[in-house]
């Protein structure tokens with residue numbers, strides 16, 4: 001039950017994040033939306049993990065481990081994007097001076 | 001059962017509302033604040049999905065470090081004045097994009113509902129082989145043994161990300177200290193937190209790392225907490241980060257993945273397969289790797305949040 | 001004995017929830033930021049304190065008892081730090097109303 | 001499909017992945033000079049590992065397989081180097097070696113000189129890119145492939161804006177947004193596939209998935225994500241500015257290798273994971289997009305005023321050819337025609353890698369010496385820079401598909417497979433694309449061969465090593481056409497979707 005509900009929440013977050021990323025105008029805003037999208041993807045994965053419980057485990061540990069790895073990689077991607085945005089803004093300062 | 005369902009519905013509704021709030025927000029600051037709240041609710045959702053390891057990570061990285069990163073970036077952009085914006089799509093285009101995204105959500109939702117029952121998976125396989133890993137936490141077993149390669153590569157990706165972020169600095173400042181410098185504060189709440197929390201945080205992180213072999217927890221969660229403590233002290237201006245050219249700093253980031261790969265290659269030499277651990281010594285080997293990896297990952301995460309060396313004036 | 005403990009738990013948690021409700025009402029209804037902060041920090045942490053005290057008989061082990069107390073203490077520290085920071089920021093943003 | 005069993009030669013592709021990644025990590029504390037020396041030292045072992053893999057795969061007629069930590073899928077992870085993977089390993093090793101030797105001029109560090117930012121970043125990024133492409137072609141697990149995609153993105157993005165100019169940073173940001181969106185959509189598909197089949201191993205998945213709703217949604221999401229990374233029209237918008245703005249050595253690896261990584265994963269998805277799913281309509285759409293990319297990309301290249309952008313748009317077009325193989329392989333599985341199309345697609349990927357790397361290096365040399373890359377003002381370059389221009393011309397022959405070049409072999413195979421399969425319209429696209437390619441290559445050559453020009457001759461430079469390296473790659477791309485067709489049988493070994 002939880003699995004289905006949060007799986008559907010994940011699907012909704014994917015749509016919301018994607019929309020925000022595509023129509024956003026400020027780079028930082030689009031990065032936030034990318035993170036929303038990512039959280040939706042991980043939730044779908046989490047729902048899959050929860051459904052796969054058994055053999056004494058409440059949830060399938062393999063997708064859970066995969067989600068952990070994915071979260072860290074997605075965070076690294078966010079930092080790279082933020083660094084680019086900051087550099088771009090800094091460059092404009094230099095142009096102005 | 002009913003209570004559980006009620007909690008689930010409340011969590012899902014709250015998280016959905018916050019997500020909608022993020023994309024409707026006019027100011028980036030509002031969006032980030034709502035996003036952090038959303039991350040915290042998601043951490044609870046992960047608990048409900050019986051994924052305590054993920055819940056810890058989501059709270060620490062998804063809400064915590066990402067939140068700090070985004071807020072600090074907004075702060076610097078707000079002071080710098082000009083954030084480049086791209087042109088907004090027209091009204092018709094926006095409607096079409098919205099319809100497209102709605103279609104994706106519907107298709108995805110349908111796919112989630114149509115997943116086969118009983119769900120196929122590897123829980124039984126993990127249970128059957130967990131004894132060979134000498135670990136009690138199946139997630140740690142998957143991360144360090146069955147799918148050790150992914151974990152190893154991911155640690156390498158973090159090193160690569162640090163290199164990438166540093167390479168984005170201007171030529172004039174790139175050998176300086178990472179991030180914009182913060183002024184030292186000797187009193188006030190920031191200083192209070194920066195002095196009070198780190199000892200507690202370090203104890204908690206080591207605890208989480210240590211129990212991670214047998215209970216929820218592990219290197220990523222511990223590293224995220226350590227990184228947060230480091231950032232707290234940094235924001236209070238109580239420590240100076242070594243410059244990017246510093247050899248010890250670079251060695252700290254590289255040590256974890258390098259050791260992991262060295263042990264993997266040793267497994268190749270001794271056992272005949274990359275990442276095969278020596279028999280009987282599996283758990284001690286994994287614990288050593290996890291400790292060094294936690295230190296390296298913590299350093300990398302903190303440096304990623306600090307960002308490229310910059311000559312911005314302090315706020 | 002356990003019945004008494006359960007009764008205590010229920011009473012303390014109910015009282016805690018009462019303070020949370022009061023704090024939330026204050027957050028929504030008070031006119032300016034300072035009073036809202038006051039309502040939030042004061043009532044919430046009294047509320048949390050009561051919840052934690054109520055849970056202590058259910059902790060079962062010394063380790064869990066200490067964990068519960070640590071939660072309370074850490075939240076107190078966090079709000080003790082965050083409250084003044086927010087207050088300073090608002091004073092800068094909305095000078096002397 | 002039976003579970004994979006390790007082979008003794010599996011060590012070779014495994015080391016081909018691990019060594020560059022390890023070198024990238026160690027490069028950070030070593031600093032730019034150490035990183036440069038380590039990269040150079042790794043070129044030969046890396047090449048030999050790739051060559052060894054190819055020989056082992058060719059002689060045994062079976063893929064080289066390594067089981068990590070002795071754990072076999074579905075629980076564990078496997079590296080599986082089939083013929084296509086071995087060929088790509090070899091191509092990557094050669095291109096990386098050429099680019100590394102070429103880049104010593106621009107990013108080399110003399111002993112005692114301070115570490116520059118560009119040198120500090122370039123060498124580890126190149127190593128990561130090498131490890132990433134090797135991983136993308138040999139990993140046999142859908143999530144490991146996600147990590148490979150991210151490794152490629154994180155290495156490629158900083159290379160785009162290595163010079164720090166504002167327009168390159170903007171290009172890098174656009175590239176990163178496309179790439180991140182692409183990988184997150186891919187990951188979403190991976191989640192649904194795991195939910196449907198309970199494993200992520202490609203070999204185990206093949207044949208297991210039917211035409212169920214989650215599988216269809218997953219295939220659509222993963223394909224869209226991979227196309228964004230491969231820059232197939234209409235998701236190519238990020239490519240021209242990103243590839244044209246990067247330093248020459250970086251552009252060479254970006255165009256030659258990075259886009260091929262996601263392409264190989266796409267091939268594995270459709271012919272491995274979804275082998276049992278009827279897919280011909282989807283294949284026709286992919287090839288249709290490819291055809292559009294060939295025609296529109298070539299036309300755009302024809303219209304570019306700047307040389308680097310012309311070469312970048314040419315990449316958009318050449319990527320299109322790769323997608324013509326999809327309906328031809330899927331249309332008549334297990335036939336001679338399918339084998340022909342498969343070989344054609346593989347040879348196109350490899351010959352384009354050599355030709356495009358050569359072309360970007362040559363263009364970089366020309367732009368560096370003339371001081372600009374405006375095509376209209378290139379008159380007289382033939383006299384002052386004959387070798388880069390010759391390189392450009394030879395690489396152009398491969399891109400056009402003029403015999404006897406590697407590109408000719410690839411395009412001929414695709415063309416005849418299209419006619420045999422009764423899908424003659426793709427043959428027309430191949431011919432039309434060749435003509436347009438001829439047009440833009442001729443445009444550059446004709447201006448450059450004009451001897452009278454306003455071009456102030458740069459200080460005459462003797463053709464040095466960089467010129468020779470670029471020329472060597474171009475010669476290689478042509479020489480592929482002289483290789484007897486039979487030896488392309490390598491790429492057929494362990495081909496997914498064939499009877500084992």
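Residue numbers (UniProt numbering), protein chains in the order written: chain A, 1 to 97; chain B, 1 to 315; chain C, 1 to 97; chain D, 1 to 500. Note that CB positions come from ideal geometry on N, CA and C, so glycine has one too.
Check: Comparing C-alpha positions only, which one of D:270, D:72, D:448 and D:436 sits nearest to residue 377 (chain D)?; Outcome: D:448
Check: Could you tell me which whole alpha helix (DSSP H) segments of length 4 or greater appear in the segment 249–308 of chain B?; Outcome: 282–306
Check: Considering only their Cβ atoms, is the gap separating residue 168 (chain B) from residue 83 (chain A) smaller than 8 Å?; Outcome: yes
Check: Which residues in the same chain as residue 34 (chain B) place their Cβ atom closer than 6 Å to its Cβ, once the five residues preceding and following it in sequence are excluded?; Outcome: 18, 21 and 22
Check: Helix or strand or just coil, what does DSSP make of residue 66 (chain D)?; Outcome: strand
Check: Determine the burial state of residue 103 (chain B): buried for a count of at least 16 other Cβ atoms within 10 Å of its Cβ, exposed for fewer.; Outcome: exposed
Check: How big is the Cα-Cα spacing for residue 25 (chain A) and residue 174 (chain D)?; Outcome: 13 Å
Check: Pop quiz: residue 339 (chain D) and residue 263 (chain D) are said to be a contact at Cβ under 8 Å. What is the actual Cβ separation, rounded to whole angstroms?; Outcome: The Cβ separation is near 19 Å, so there is no contact.
Check: What does a CB cutoff of less than 8 Å around residue 44 (chain C) pick up in its chain, not counting 5 residues either side in sequence?; Outcome: 19, 20, 23 and 79
Check: So if I threshold CB-CB distances at 8 Å, which residues from the segment 175–209 of chain B count as touching chain C?; Outcome: 188, 189, 190, 192, 193, 196, 197 and 200
Check: Are the segment 468–480 of chain D and the segment 395–411 of chain D touching, with three or more C-beta to C-beta distances below 8 Å?; Outcome: yes
Check: Verify the CB distance criterion: does residue 71 (chain C) have a CB-CB separation below 8 Å to chain B?; Outcome: no
Check: Which residue or residues does DSSP assign as beta-bridge partners of residue 374 (chain D)?; Outcome: D:306
Check: Could you name the residues that DSSP lists as bridge partners for residue 110 (chain D)?; Outcome: Answer by DSSP bridge pairing: none, since residue 110 (chain D) is not bridged.
Check: Per the DSSP calculation, residue 54 (chain A) is bridged to which residue(s)?; Outcome: A:57
Check: Give the straight-line distance between the Cα atoms of residue 37 (chain A) and residue 165 (chain B), rounded to the nearest whole angstrom.; Outcome: 23 Å
Check: Assign residue 80 (chain C) to one of three DSSP states: helix, strand, or coil.; Outcome: helix
Check: Which chain D residues sit within Cβ distance under 8 Å of residue 157 (chain B)?; Outcome: 147, 150, 151 and 154
Check: So, for residue 148 (chain B): in the same chain, excluding its five sequence neighbours on each side, which residues have a beta-carbon less than 6 Å away from its beta-carbon?; Outcome: 275
Check: Compare the C-alpha of residue 43 (chain A) against each of A:63, A:80 and A:78 and name the closest.; Outcome: A:63
Check: Give the straight-line distance between the Cα atoms of residue 158 (chain B) and residue 18 (chain D), rounded to the nearest whole angstrom.; Outcome: 16 Å
Check: So is residue 21 (chain A) in contact with chain D if we call contact Cβ pairs under 8 Å?; Outcome: yes
Check: Can the beta-carbon of residue 493 (chain D) be found less than 8 Å from the beta-carbon of residue 62 (chain D)?; Outcome: yes
Check: Over the uninterrupted beta strand (DSSP E) stretch that includes residue 79 (chain D), give me the two end residues.; Outcome: 78–81
Check: Could you tell me whether the Cβ atoms of residue 302 (chain B) and residue 212 (chain B) are closer together than 8 Å?; Outcome: no
Check: Please classify residue 372 (chain D) as buried or exposed, where buried requires at least 16 neighbouring CB atoms within 10 angstroms.; Outcome: exposed
Check: If the cut is a Cβ gap below 9 Å, which residues of chain A does residue 231 (chain D) touch?; Outcome: Those do not exist, as residue 231 (chain D) stays about 18 Å from chain A at its closest Cβ, beyond 9 Å.
Check: Could you tell me which uninterrupted alpha helix (DSSP H) segments, each at least 4 residues in length, are contained entirely in the segment 6–62 of chain D, listed from first to last along the chain?; Outcome: 11–60
Check: Rounded C-beta distance between residue 328 (chain D) and residue 341 (chain D)? I'm assuming under 8 Å.; Outcome: 3 Å
Check: Would you call the CB atoms of residue 304 (chain D) and residue 352 (chain D) closer than 8 Å?; Outcome: no
Check: Which of the three DSSP states is assigned to residue 171 (chain B) in this structure?; Outcome: coil
Check: Looking at chain D, is there any beta carbon in it that lies within less than 8 Å of the beta carbon of residue 306 (chain B)?; Outcome: no
Check: Flag residue 57 (chain A) as yes if its beta-carbon sits less than 8 Å from any beta-carbon of chain B, otherwise no.; Outcome: yes
Check: How about residue 31 (chain D) and residue 247 (chain D): do their beta carbons lie closer than 8 Å?; Outcome: no
Check: Mind checking if residue 442 (chain D) is an interface residue toward chain A, Cβ cutoff 8 Å exclusive?; Outcome: no
Check: Should residue 89 (chain A) be flagged as near chain D, meaning a C-beta pair shorter than 8 Å?; Outcome: no
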